[in-house]
Every structure is written in structure tokens, then in C-alpha cells.
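For reference, the structure discussed in these notes is given below.
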DNA sequence: CGTCCTCGGTTCGTTCATTGAACCAGTCGT
DNA sequence: ACGACTGGTTCAATGAACGAACCGAGGACG
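Right, here's the structure in full:
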């Protein structure tokens, strides 16, 4: 971790993991990436993160193999950041955090996560309440809840008002209009 | 979160959770608390954290209801920090982080976690490999692995070389000798 | 051809958190 | 009376985050 002193003294996989994803904003960047956000500007407006910090996070996450920088058009040259398998493997962490946040911090029902195959809700530990299988990230559908702001300012939040399968790229208003 | 700007713009339980436990060191403090560490000095030597930071973390975690400050002897007056139910509910987060760290960052086998009732290993999502039940934190036993340093410098790490049920108080050398 | 706009950054001064060392107060053991 | 232990607080220096400004490559438009 690029934070002054690191956790290397810790003989613990939790500490090792936090070395990689424990910095401020990092897990939120990964969350957005799993939600399907891929472009610099989309991360920027959705997170409200300082540009310099975003640049650093994207760079280190790419170096760590959590994201992959990929050119998706040549003219003008444009790159996107896509979650790797390693990044997608952080889904259980985010799911667990989200459940804890909802139960112990939140008040409203913001989003729920359902198994694409059978519609069952994904439980605290990532299994499907309906069919009991351990749901892979790619088979999770994010469903917006009733307590989300119905008309958010930024296009990424608006795009996330529709149910959306995780990992698939997000279509923002801008991209939509460009067609 | 006490970090300059907060994540309040984020309509997301993950962000809300990170508001509480997203700061540097915080999750490691909670991890230690779940491992059974309870006393200021034990956190200090085991984490190698600056005293000022430890003090603020313990205070905010107490205010947030993740830990509870409790007087355990009157003369001299001594307090200990014990995980609450709310704090113990963070176990899935730590388990998920640990699994990710072991699979994608670590090399060695540092610790494993087993179901106290049947001895089965606790799987990535927190279920028991043997009997299939979702194992509550209090029924998890931490078992040290072969790649741990066999003679660590601090007494807390030494105490953690023995198998240990989570949440139960840790007996360090010092306490042990004091009997 | 000149101007404006977008995207994906970098630079920079200010603010804020972390660090590590020093200090301190209450209590015990001897 | 003296020193050690526990559980802190204080302080100066460092480093990270913040936010606004700037920048360069490439269209788009007229």
C-alpha cells in the first residue's frame, strides 16, 4: 500500500488484501468496475473523487491486476478499465460489506442483488436464497430499490437505476445518445 | 468517516459501511478484536500502529458501537475493548478479505478457520465444508498454519500460535505469567 | 482554417491524517 | 521512595487527499 507505512509486519492474509485494496476509494472503484463502469469520466462523476486520486487508483489497480486497461477505439484513442478475474473475486468482500452496511448503518433499501437464473436474493455470504447455489458474480443482477434517488444528477447513477447484470458494461446517457 | 471529505454522496450500503470501517487500520483493529484481543497494549504491539491512531480508532469504533469499552478491574482501573454483535457481524467481510488475500496475494498457508462443532473448514462464503451450515463467528476456531513465523517477537502473535476460538479473550504471555 | 468541445489525464497549493517520539498520570510491587 | 507498567495525550514532520486550474490529442462545426 502506498500509504506511508505499510502492513508488511502483519502475517495475515487480511492485511495482505488490505495492502492492495485498503486505501481510501479503492474498494469503491472496484465496486463501480463490477457494476460495469469502465471509463475514466464515469468513475469520476459517479464517485465524486478527485482526478489525481482516481488516476493513482486506476494505475495501481491495473498494476495489481485487479483492473485491465484496454483500448476500445482507435480514433480518438480511448481506453477503458475492465475488471479482471482477480478483481471480480473481490465481489464477496463487497457483498459482505454491503450487507453489513445495510443492516447496521443504512436505513433504506437502496439496491438488492438477485440470482439471474432463478431470481432468488443473494444472501450475506453470496449464496442464492432460492436455489442455494453459490452465485458467481457474472450471474448476479443488481436491482435498484425503492429508496434510491429517482433522478440523480450524474448519468452513471441514472444508468444504475435500471436493473443490471454485474460485470457487463454500463450504458450511460452520453453513450446512449451517441448512437 | 473522519477523512477530510466523506462518502455521503454515495447512495450505497458499501459506501456507508466504508464510512465506518474504511479508514486505515480500522479493519485490522476489528480483526484483532474478533481474534480475542481486548487490551490497548495488545492491539498496540500486535498491530505496530501509532498510539495516537490506535486511540482514535478505538474511540470511533466504540462510538459506532462496533466495540464496547468495559471496565474489567477496579484497582488499578483497567478497561478492555470487546466486540459487540455489530462488530462480530463484520466477520464475513474479514473472511472474504482473507480468502481473497490468500488466493491472490499470499503465498503461504498462514491460518485456517474451522467449524468448532465438526472440524470442517470454513469456506470462502462462510459455510462449513463438512456439515454445510453457515458457521456463526463464535463457533469458528482459528488454526495456525505451517507458514507462520514460529517465534514471533510480540506476545500477542505468540498467543495466536495456538488454536483459538474466535471472540474469546486472548491470553497473552504476560497475562499467563501473572497468574 | 479557426474555434470550440470532449476525454483523459497532470500539476500545484492547501488542508488534513498519519507517523513516531516524547511526555504524563495513576497504580502497583518492592 | 523508586521504578515499572498501563493507557493514554501532545507535538512537529511527513505524506496523502482535495479541488481547481491547466493541458494535449482529436473530432465536430461553421
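Protein chains in written order, with the working numbering: chain A, 33 to 211; chain B, 33 to 211. All C-beta atoms, glycine included, are put in the ideal place defined by N, C-alpha and C. Computed from a predicted model, the values in this text were never measured in an experiment.
Assumed close pair residue i, residue j - CB separation to whole angstroms, cut-off 8 Å
i            : j             : result
residue 48/B : residue 186/A : Actually they do not touch by this definition, with Cβ atoms about 19 Å apart.
residue 66/B : residue 120/B : 7 Å
residue 91/A : residue 61/A  : In fact, because the Cβ distance is near 11 Å, the residues do not count as touching under 8 Å.
Whether residue i touches residue j by CB criterion (7 Å)
i             : j             : result
residue 96/A  : residue 52/A  : yes
residue 146/A : residue 153/A : yes
residue 200/B : residue 68/B  : yes
residue 188/A : residue 165/A : no
residue 296/A : residue 43/B  : Since the first and last residues shown for chain A are 33 and 211, residue 296/A lies out of range.
residue 102/A : residue 114/A : yes
residue 167/B : residue 198/B : no
residue 158/B : residue 131/B : no
residue 184/B : residue 190/B : yes
residue 116/A : residue 100/A : yes
Distance, residue j Cα to residue i Cα
i             : j             : result
residue 193/A : residue 111/A : 25 Å
residue 173/A : residue 72/B  : 43 Å
residue 150/B : residue 151/A : 32 Å
residue 50/B  : residue 162/B : 33 Å
residue 45/A  : residue 129/B : 8 Å
residue 133/B : residue 78/A  : 27 Å
residue 175/B : residue 140/B : 14 Å
residue 108/A : residue 59/B  : 43 Å
residue 94/B  : residue 118/B : 11 Å
residue 76/A  : residue 142/A : 21 Å
residue 54/B  : residue 56/A  : 7 Å
residue 104/A : residue 74/B  : 51 Å
residue 122/B : residue 98/B  : 9 Å
residue 13/B  : residue 144/A : Summary: the structure shown does not reach residue 13/B, with chain B confined to residues 33 through 211, and so no result is reported for it.
residue 70/B  : residue 160/A : 36 Å
residue 148/B : residue 87/B  : 33 Å
residue 195/B : residue 171/A : 37 Å
residue 83/B  : residue 83/A  : 32 Å
residue 177/B : residue 178/A : 46 Å
Original post:
Going along the chain, which residues of the segment 106-118 of chain B sit with their C-beta nearer than 7 Å to a C-beta in chain A?
Top reply: Of all residues in the segment 106-118 of chain B, 118 have a Cβ within less than 7 Å of some Cβ in chain A.
**OP:** Please list the segments of the alpha helix (DSSP H) lying wholly inside the segment 88-168 of chain B, counting only runs of 4 or more residues, in order along the chain.
**Re:** 117-120, 123-136
Original post:
Given a limit of 7 Å on CB to CB distance, which residues of the segment 88-102 of chain A reach chain B?
Top reply: none
**OP:** With 7 Å as the limit, tell me which residues of the segment 136-149 of chain B have their beta carbon closer than that to any beta carbon of chain A; keep them in chain order.
**Re:** The residues in question are 136, 137, 138, 142.
Original post:
For the segment 186-197 of chain B, which residues have a beta carbon sitting closer than 7 Å to at least one beta carbon of chain A?
Top reply: none
Subject >> 4 or more residues per run - each alpha helix (DSSP H) lying fully within the segment 174-209 of chain A >> reply: 187-191
**OP:** Residues of the segment 154-179 of chain A with a CB closer than 7 Å to any CB of chain B: list them in chain order, please.
**Re:** 156, 157, 158, 159, 166
Subject >> Contact list for the segment 120-133 of chain B against chain A, Cβ threshold 9 Å >> reply: 121, 122, 123, 124, 125, 126, 127, 128, 129, 130, 131, 132, 133
Original post:
When Cβ atoms are compared, which residues of the segment 40-55 of chain A fall closer than 9 Å to chain B?
Top reply: Near chain B, meaning a CB-to-CB distance below 9 Å, the residues of the segment 40-55 of chain A are 41, 42, 43, 44, 45, 46, 47, 48, 49, 50, 51, 52, 53, 54, 55.
Subject >> Residues in the segment 63-90 of chain A having any Cβ partner in chain B nearer than 7 Å >> reply: 63, 80
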